[in-house]
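With this note's numbering, you'll find the sequence shown wraps up at 699, consecutive numbering, no jumps. A short worksheet on the structure shown next.
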Amino acid sequence: MNNNESSIKRQYGKQQPFKVPEGYFDDFSKRLMAQLPAQKQNISVSYPCLSRVRLVFKYQIWRISLIAASVVAVFFSLNFIFFKKDIQPDQTAQKTVQKITVDQAADYAMMDNEDIYADLVDNNTH
């Protein structure tokens, strides 16, 4: 125990300040149920003919949706087949290839003769 608890016990003692009347919990559930408001019981009435109507309506919506999707698919397919335009490559995307000599490539790569010879020797050994 820490000091706070021991000082509280010394000051007030071990006596319990709260008391429960005799027989309080014996009829507690009866008293609690008496205080609750009465609940209304919901009675559900099912109409089998109404559920069939909903089911038929649901299937009709699905049937109409499938027919519409089929028509749209056929339309796009025919549009793609008959009205297909010849796709030509973009002329700006094509670059002309310049012919350069080995000397120009070596100058561009800043390679001198010793680097070229060393590269050739390395390639022949592998």
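Glycine is no exception: its CB is placed at the ideal position from the N, C-alpha and C atoms. In this text, all values refer to a predicted model and were calculated from it rather than measured experimentally.
Would you kindly report the start and end of the unbroken alpha helix (DSSP H) that includes residue i?
i, result
"L605", "601 to 608"
"A682", "Where A682 is concerned, there is no enclosing alpha helix (DSSP H), given that its DSSP letter is neither H nor E."
I need the straight-line Cα distance from residue i to residue j, nearest angstrom please.
i, j, result
"N576", "R583", "11 Å"
"Q700", "F598", "There is simply no residue 700 to check, as the chain begins at 574 and stops at 699 in what is shown."
"W635", "S650", "22 Å"
"F656", "A646", "15 Å"
"P710", "S580", "Given that the chain is displayed from residue 574 to residue 699, the structure contains no residue 710 and the question cannot be resolved."
"P594", "Q612", "31 Å"
"A642", "F648", "10 Å"
"A682", "N697", "21 Å"
"L693", "I654", "56 Å"
Could you round the C-beta distance between residue i and residue j to whole angstroms and report it? I think they count as a contact, below 8 Å.
i, j, result
"I689", "A679", "6 Å"
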